[in-house]
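Visitor:
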Amino acid sequence: MSHRRSWRQGVFPLAFALALIPQGPVRAQLTAEVGLESRGYFKGPLFSGQDRHDASVSLEAEFYREWDDRRQSITVEPFVRLDFADKERTHFDLRELSWQYVFESWELRVGLRKVFWGVTESLHLVDVINQTDLVENVDGEDKLGQPMVNAAFIRPWGTVELFALPYFRERTFQGTDGRLRQSVLVDEDDVRYQSGAEEHHFDWAVRWSHYIGSFDLAVSYFDGTNRDPRLEPVLNDRGGVALTPFYEQMEQLGVEGQYTSGGWLLKLEGLTRDVQLGRYWAFAGGFEYTIPQVLGTNADLGLLSEYLFDDRGDAATTPFEGDVTFGGRLAFNDVQSSELLAFVVADVEGDGNLLSVEGSRRFGSDWIVTLETRVFFGAAPEDFLYGLRQDDYVGLALRRYF
Amino acid sequence: MIYKRFMSTVMASTLGSLAAGSVAVAQDDGGRGLEIAIEAERRDSGFGDFTSEMTMVLRNRHGEESTREIRNRTLEVLDDGDKTLVIFDRPRDVQGTALLSFSHRIGSDDQWLYLPALRRVKRIASNNKAGPFMGSEFAYEDISSQEVEKYSDYRFVSEEDLDGTPTFVVERVPVDENSGYTRQLVWFDQVEYRVMKVDFYDRRNVLMKTLSYAGYQQYEGRYWRADQMDMVNHQTGKSTTLMWRNFDFGTGLSDRDFDQNSLRRAR
Chain A
25 MSHRRSWRQG VFPLAFALAL IPQGPVRAQL TAEVGLESRG YFKGPLFSGQ
75 DRHDASVSLE AEFYREWDDR RQSITVEPFV RLDFADKERT HFDLRELSWQ
125 YVFESWELRV GLRKVFWGVT ESLHLVDVIN QTDLVENVDG EDKLGQPMVN
175 AAFIRPWGTV ELFALPYFRE RTFQGTDGRL RQSVLVDEDD VRYQSGAEEH
225 HFDWAVRWSH YIGSFDLAVS YFDGTNRDPR LEPVLNDRGG VALTPFYEQM
275 EQLGVEGQYT SGGWLLKLEG LTRDVQLGRY WAFAGGFEYT IPQVLGTNAD
325 LGLLSEYLFD DRGDAATTPF EGDVTFGGRL AFNDVQSSEL LAFVVADVEG
375 DGNLLSVEGS RRFGSDWIVT LETRVFFGAA PEDFLYGLRQ DDYVGLALRR
425 YF
Chain B
116 MIYKRFMSTV MASTLGSLAA GSVAVAQDDG GRGLEIAIEA ERRDSGFGDF
166 TSEMTMVLRN RHGEESTREI RNRTLEVLDD GDKTLVIFDR PRDVQGTALL
216 SFSHRIGSDD QWLYLPALRR VKRIASNNKA GPFMGSEFAY EDISSQEVEK
266 YSDYRFVSEE DLDGTPTFVV ERVPVDENSG YTRQLVWFDQ VEYRVMKVDF
316 YDRRNVLMKT LSYAGYQQYE GRYWRADQMD MVNHQTGKST TLMWRNFDFG
366 TGLSDRDFDQ NSLRRAR
């Protein structure tokens, strides 16, 4: 349902943008990406309805048009996935439907957009503007388009961005038949809000960002509906237990910093959030180190380690509350852009670990093939990963670019 | 300005090495190699800004080809290295990726990469100078801006006739410790001081690659740009050709076209 409503939110800026299209030099491009992915699970399912393998197809297209000496542009980016195992994973979203105007010292962007904040790799702590499209991937990197009016003011001492967010998008969750879900299902038809305005609560945010020499810095503030729901157990009509997403109000102050020198990147993100149950803080920090031309080859080896902390402990709404990540990325720098990425996320109290290995390579000029495996091990019953203990998988994805 | 500043640096280092009881390699040609490099830079300075497009053809030793396409925007910065924005169009899986670089005469460059799928700008490490650019035979250091200060120990080698063009041959040594080369030999034509050819010697001081420039055209009645650059790797038999087109000088670009906001919307 929320998709249809967000559509209406987006129509206004589009109409506005179309009305502004003048004559003159125009550059337009239409691109698309079609994906076919399949996963095989090493172990049998925990729940009836789940299967040993699944498959899905996706399409992401982007239309972009710029004119007025690159001052104005519109971007339309629809996304759709058809999943043959989990009907909740079959979904449509407008990742972007926006108009942009670039002035000499400021920029205005209106419509459905995606915005990224942050510096760390294993968890995007301060990144709060967009809702997570969790059904796409458990890593939380996929986001839903967020309706906004966003102005960026560019000054010698940094960029200040203001965000007016008039509409809230609910998080997507796996359905009964999907793997990689928690043992208790999330009932997306029974969503609750702290605010009486529900999804129409007016949220806002402001962010300053700048770089000084080797330092990249940002400070942000957000006031509005928490994108991370609290999942509360309720009895459903059939007498079973389900989880209801409860979206509370929050205020968040976030900081981001990165120091870059030679092959070193040192990173830190921290936040403090004021939510219904009180104030808490969390941080993610670590390093990335790149060894160019490792062992005399053309390949680069990137090493990464990050520590993630959340002072709510096991009550945290993220899966990481006291975890260490170690990872390595081998980029072969060959014609096919071959890459190998491996990382492990380990709970420092030994409550649950994740191992991920992913390889990708281009075939011809328009195909990318990715092979990935994820293994969940050693999860204690109270850990987020416990629900995924049977869901170790190997996945193959083919992507064709147009 | 640049000339004066640089000559005083050279003199200071000469005095320094004399005091230490050794003779600087750069000086045994009477400073002629450095003078040629400075003159070449002087003739290409003052362009302000330009945009261009490029097709890159990669060939392996069996002659199999693959292509890449990029667009380039460059802003000249007085008394420092240039600012460049590179937008990737092909292969299609990297379309929309863009790289913003602030080159510096002294010290390492600043680089930010835009990853369109995540809408993320990431400051990246700059120690990968010797690595291949997009899987080609061009290293990052071969395509980045070539300020005089990026090399030292300039030495005039000889005058040479290069396919009918009288040239000066100058040897230079990359300053950056992450460079993949011990030295380079550069052929400048004697009339216009354009780079005609470069030989690259690897870390073992063995000839590794040769870069040849062809199809020079003059823009704004002053600035020379080659239409074609061919890099041949003698050790692997692979080669890469860059074909440049649509050079447009004085397009009115400013610092605002080279910040993180413009990086995010570069298409």
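Each protein sequence line maps, in turn, to chains A and B. Each number in the working numbering comes from the position in the first sequence (counting from 1) with 24 added on. Each number in the working numbering comes from the position in the second sequence (counting from 1) with 115 added on. The beta carbon of each residue, even a glycine, is placed where N, CA and C say it ideally should be. This one's a predicted model, so the numbers in the text were calculated from it and none came from an experiment.
(1) Anything in the segment 229-257 of chain A with a Cβ closer than 7 Å to a Cβ of chain B? List those residues in chain order, please.
(2) Exposed or buried, I221 of chain B, counting other C-beta atoms within 10 Å across all chains shown (16 or more means buried)?
(3) So, for S267 of chain B: in the same chain, excluding its five sequence neighbours on each side, which residues have a beta-carbon less than 6 Å away from its beta-carbon?
(4) Name the chain A residues whose beta carbon is nearer than 8 Å to that of L357 of chain B?
(5) For A339 of chain A, which option in A:F367, A:V369, A:Q360 and A:A306 has the closest C-alpha, if you only look at C-alpha atoms?
(6) Hey, out of B:D144, B:R183 and B:G365, whose CA is closest to T166 of chain B's CA?
(7) So that I know if they touch, is there some Cβ in chain A lying closer than 7 Å to that of N348 of chain B?
(8) Once the 5 residues before and after L409 of chain A are set aside, which same chain residues still bring their CB inside 6 Å of it?
(9) For H11 of chain A, does the three-state DSSP call read helix, strand or coil?
(10) Taking the Cβ atom as the reference point for each residue, do L378 of chain B and L190 of chain B lie within a distance shorter than 7 Å?
(11) Hey, is N361 of chain B close to the ligand NAD, as in C-beta under 6 Å from one of its heavy atoms?
(12) Use the C-beta contact count for W302 of chain B: other C-beta atoms within 10 angstroms, 16 or more gives buried, fewer gives exposed.
(13) Interface residues of chain B around S80 of chain A at Cβ under 9 Å?
(14) So N243 of chain B contacts chain A; which residues on that side make the cut at Cβ distance below 7 Å?
(15) In chain B, which residues lie with their C-beta within 8 Å of the C-beta of I392 of chain A?
(16) In this structure, how does DSSP classify D117 of chain A when only helix, strand and coil are distinguished?
(17) I'd like to know whether the C-beta atoms of R353 of chain A and I392 of chain A end up nearer to each other than 7 Å.
(18) With H, G and I counted as helix, E and B as strand and the rest as coil, what does DSSP make of L290 of chain A?
(19) Within a Cβ cutoff of 6 Å, which residues of the same chain sit near A370 of chain A, ignoring the five residues on either side of it in sequence?
(20) When burial is assigned at 16 or more other CB atoms within 10 Å of the CB, is N161 of chain A buried or exposed?
(21) Buried or exposed, going by whether 16 or more other CB atoms sit within 10 Å of the CB of R251 of chain A?
(22) Smallest Cα separation from R179 of chain A: which of A:V215, A:L147, A:Y235 and A:L189?
(23) For N389 of chain A, count the other beta carbons within 10 Å of its own beta carbon; 16 or more makes it buried, fewer makes it exposed. Which is it?
(24) Select from A:E212, A:H148 and A:D227 the residue whose C-alpha is nearest the C-alpha of N174 of chain A.
(25) Are any of the Cβ atoms in chain A nearer than 7 Å to that of N320 of chain B?
(26) Could you check where the beta strand (DSSP E) with A355 of chain A kicks off and where it finishes?
(27) Quick one, which residues of the segment 370-381 of chain B are near chain A if we go by CB-CB under 9 Å, in chain order?
(28) Is it buried or exposed for F116 of chain A, if we count other Cβ within 10 angstroms and need 16 for buried?
(29) Name, please, each residue of chain A whose Cβ falls closer than 7 Å to the Cβ of P247 of chain B.
(30) State yes or no: is the beta carbon of E131 of chain A nearer than 7 Å to at least one beta carbon in chain B?
(31) Output, in chain order, the set of chain B residues within a Cβ distance shorter than 9 Å of T183 of chain A.
(32) Which runs of the beta strand (DSSP E) spanning at least 3 residues fall entirely within the segment 167-227 of chain B, listed in chain order?
(33) Pull up the distance between the alpha-carbon of P253 of chain A and that of E212 of chain A, whole angstroms please.
(34) Less than 7 Å between the C-beta atoms of S384 of chain A and E363 of chain A, yes or no?
(35) Run the CB neighbour count on Y245 of chain A, radius 10 Å, all protein chains shown included, and call it buried at 16 or more, exposed below.
(36) For Q414 of chain A, does the three-state DSSP call read helix, strand or coil?
Guide: With the given structure in hand:
(1) From the segment 229-257 of chain A, only D240 have a Cβ closer than 7 Å to chain B.
(2) With fewer than 16 other CB atoms across the displayed protein chains lying within 10 angstroms of its CB, I221 of chain B is exposed.
(3) Closer than 6 Å at the Cβ level, and outside the excluded window around S267 of chain B, lie V288 and V290.
(4) Going along chain A, no residue has its Cβ under 8 Å from L357 of chain B, so there is no contact; the nearest lies around 15 Å.
(5) Selected option, being the one with the closest Cα: A:A306.
(6) The shortest C-alpha separation from T166 of chain B is found at B:G365.
(7) No, its Cβ sits nowhere closer than 7 Å to a Cβ of chain A.
(8) Cβ contact annotation for L409 of chain A (same chain, cutoff 6 Å, sequence separation greater than five): G376, F400 and A403, in chain order.
(9) No answer is possible for residue 11 of chain A: it lies beyond the span of chain A, which begins at 25 and ends at 426.
(10) Judged by beta-carbon spacing, L190 of chain B lies beyond the 7 Å limit of L378 of chain B, meaning their Cβ atoms are not closer than that value.
(11) The ligand NAD is not part of the structure shown, which contains no ligands of any sort.
(12) With 16 or more other Cβ atoms within 10 Å, it is buried.
(13) Neighbourhood of S80 of chain A in chain B, by CB distance below 9 Å: empty, with the nearest CB roughly 18 Å away.
(14) Residues of chain A with a Cβ closer than 7 Å to the Cβ of N243 of chain B are, in chain order, T314, P316 and D324.
(15) Near I392 of chain A (Cβ distances below 8 Å), the residues of chain B are D208.
(16) In the displayed model, D117 of chain A falls within a strand according to three-state DSSP.
(17) If you check the CB distance, R353 of chain A and I392 of chain A do not come in under 7 Å.
(18) In the structure shown, L290 of chain A sits in a strand (DSSP, three-state: E or B).
(19) Hits under 6 Å: V348 and N377.
(20) The residue in question, N161 of chain A, is exposed, as its Cβ has fewer than 16 Cβ neighbours within 10 Å.
(21) Taking every protein chain shown into account, the CB of R251 of chain A has 16 or more other CB atoms within 10 angstroms, so this residue is buried.
(22) Ranked by Cα distance from R179 of chain A, the options A:V215, A:L147, A:Y235 and A:L189 are led by A:Y235.
(23) In the sequence as presented, Asn is not what sits at residue 389 of chain A; that position holds Ser. The residue in question, S389 of chain A, is exposed, as its Cβ has fewer than 16 Cβ neighbours within 10 Å.
(24) Nearest of A:E212, A:H148 and A:D227 to N174 of chain A, Cα basis: A:D227.
(25) By this cut-off, N320 of chain B is not an interface position.
(26) Its beta strand (DSSP E) spans residues G346 to A355.
(27) Within the segment 370-381 of chain B, the residues whose Cβ lies closer than 9 Å to some Cβ of chain A are R371, D372, D374, Q375, N376, S377 and R380, listed in chain order.
(28) Exposed.
(29) By Cβ distance, chain A contributes N322 and N357.
(30) Yes - at least one Cβ of chain B is within 7 Å of the one on E131 of chain A.
(31) Going along chain B in sequence order, the residues near T183 of chain A (Cβ under 9 Å) are D374, Q375 and N376.
(32) Note on the segment 167-227 of chain B: whole beta strand (DSSP E) runs with a minimum of 3 residues are 180-190, 198-205 and 213-217, in chain order.
(33) Cα to Cα, P253 of chain A sits roughly 11 Å from E212 of chain A.
(34) Yes; because the gap between Cβ atoms is below 7 Å, this pair is in contact.
(35) Per the 10 Å Cβ criterion, exposed.
(36) In this structure, Q414 of chain A counts as coil in the three-state DSSP scheme.
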